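Undergrad:
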Amino acid sequence: MDLLGTANRAMRRYLVLRGVESHTTRIGALSIHYYQRQGSGLGPPVVLVHGLGSSANAYARMLIPLSRRFRRVYAIDIPGNGFSPVPDGGPVPLREQVTAVVGFIEQIVKEPVFLVGNSLGGAMSLFLAHERADVVRALGLISPAGAKLAPERIEALLKSFRVSSNQDARAITRRLFHRTPMALLLLSSEMRRLYSTPTVQSIVNEVKPSDAVTEDMLRGLPMPTLLLWGRSERLLPYESVDYFRAHLPAHAQVHEVSGFGHIPQVERPSEVAQRLIHFADEHRL
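Counting in the working numbering, the sequence shown runs from 7 upward without gaps.
1) Going by DSSP in three states, A144 sits in which element: helix, strand or coil?
2) Taking the runs of the beta strand (DSSP E) that are 3 residues or longer, which of them lie wholly in the stretch 224-258?
3) Give me the residue from P204, Q280, T220 with the minimum Cα distance to A151.
4) Give the range of the alpha helix (DSSP H) segment to which I160 is assigned.
5) Kindly indicate which residue of H289, S46, Q42, V210 has the alpha-carbon position closest to the one of V55.
6) Judging by CA-CA distance, which residue of L147, D140, A106 is the nearest neighbour of V293?
7) If I measure Cβ to Cβ from L207 and keep anything under 7 Å in the same chain, skipping five residues before and after, which residues do I get?
8) Let's see if you can read the secondary structure: which residues bound the alpha helix (DSSP H) around V278?
9) Please classify N211 as buried or exposed, where buried requires at least 16 neighbouring CB atoms within 10 angstroms.
10) Is the beta carbon of R204 less than 9 Å from the beta carbon of G96?
11) Please check the pair R309 and G45, which I expect to be a contact at CB under 8 Å, by giving their CB distance rounded to whole angstroms.
12) Going by DSSP in three states, H56 sits in which element: helix, strand or coil?
13) Which residues share a DSSP beta bridge with N124?
14) Would you identify the three-state DSSP class for F76, choosing helix, strand or coil?
15) Going by the beta-carbon positions, is the gap between M229 and V142 smaller than 9 Å?
16) Nearest CA to the CA of A175: which residue from G59, L10, Y201, L58?
17) Would Y249 pass as a contact of A153 if the rule is Cβ separation under 9 Å?
18) Do the stretch 235-242 and the stretch 26-39 make contact, defined as three or more Cβ pairs closer than 8 Å?
19) Specify, as a first and last residue, the run of the beta strand (DSSP E) that Q44 falls within.
20) For V263, does the three-state DSSP call read helix, strand or coil?
21) Per DSSP, what kind of secondary structure is T105 in: helix, strand or coil?
22) Thinking A135 and L234 are a contact (beta carbons under 8 Å), I'd like their distance in whole angstroms, please.
23) So which of P270, N87, A156 has the shortest CA-CA distance to D217?
24) What number of angstroms, rounded off, separates the C-alpha of R15 from the C-alpha of G57?
25) Looking at the secondary structure, which residues open and close the alpha helix (DSSP H) in which T12 lies?
Here you go:
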């Protein structure tokens with residue numbers, strides 16, 4: 007039985023009942039599912055990008071709080087994740103995923119956005135903001151991947167996603183949270199399937215040290231930028247936040263937050279939403 011799939015479908019039904027729209031669109035040759043919540047605020051549209059092996063449902067409990075401050079809120083399923091299918095040609099390379107997010111902003115949102123990315127979604131957001139600053143009004147990074155690290159540190163990180171047993175699945179699941187939900191540890195076989203999908207393993211096998219976000223890319227970001235890093239971060243090496251702090255432009259804010267793990271949008275969604283709203287208020291977005 008696909009318990010995680012059942013839970014994801016139940017979450018989608020719940021969100022729709024709460025007034026969140028669930029849509030599927032075509033971006034080039036890709037079929038992309040996304041959530042949209044019409045907002046009552048004056049801030050720019052928000053686009054939320056999930057991390058490796060995750061989905062738009064990771065932001066489920068942030069959609070409505072953010073909609074009170076921003077005009078519209080979107081959360082997308084990157085191709086091969088959540089309700090976005092793997093294309094017939096197989097998993098989508100990382101660079102094409104970035105292109106798909108650009109296409110989504112241009113075709114669906116149709117104006118510059120407050121782009122928010124977690125983990126691999128944070129790295130994707132950094133590449134997008136560097137290459138297409140014209141479509142990014144502001145940038146929010148939640149435990150972003152992509153820092154330039156020693157090759158052995160990158161290999162150790164990628165190795166943690168090469169899950170071959172339920173014990174491996176429990177180990178990586180524990181590294182995602184400040185306090186790991188017991189239910190996920192009990193569902194280790196389900197989590198093992200999640201980490202072993204073709205999309206996840208394709209990215210794990212694709213990533214190389216040379217794919218890191220460079221110092222010049224970071225220094226050149228012109229838009230207001232907020233980086234949230236959990237003091238309970240156990241997945242990404244601590245050198246990551248040091249790298250970002252050293253090379254982001256002076257106007258960027260880097261906050262290390264107690265009680266945040268790698269995916270605080272799942273564990274502490276209200277606090278993450280409030281920090282994004284406060285940042286938008288500060289910058290009069």
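The beta-carbon is built from N, C-alpha and C at its ideal position, and this holds for glycine as well. These numbers were taken from a predicted model, which means no experiment stands behind them.
TA: Judging by the given coordinates:
1) In the structure shown, A144 adopts extended strand secondary structure according to DSSP, grouped into three states.
2) 231-236
3) T220
4) 157-166
5) Q42
6) Within the shown structure, residues of the chain are numbered from 7 to 291, placing residue 293 beyond reach of any answer.
7) Reading off the sequence, residue 207 comes out as Gln, not Leu. Contacts found: none.
8) 275-288
9) exposed
10) Looking at the sequence shown, residue 204 is not Arg but Pro. Result yes, Cβ atoms of P204 and G96 sit closer than 9 Å.
11) This structure does not reach residue 309, given that the chain is present from 7 up to 291, and the question cannot be answered.
12) coil
13) According to the DSSP secondary-structure assignment, N124 is paired through a beta bridge with I148.
14) strand
15) yes
16) Checked all of G59, L10, Y201, L58; the closest Cα to A175 is Y201.
17) Yes, Cβ-Cβ distance for Y249 and A153 is below 9 Å.
18) The stretch 235-242 makes no contact with the stretch 26-39: fewer than 3 CB pairs, one atom from each, lie closer than 8 Å.
19) 36-44
20) strand
21) helix
22) About 16 Å; that fails the 8 Å criterion.
23) A156
24) Roughly 19 Å separates the two Cα atoms.
25) 9-23
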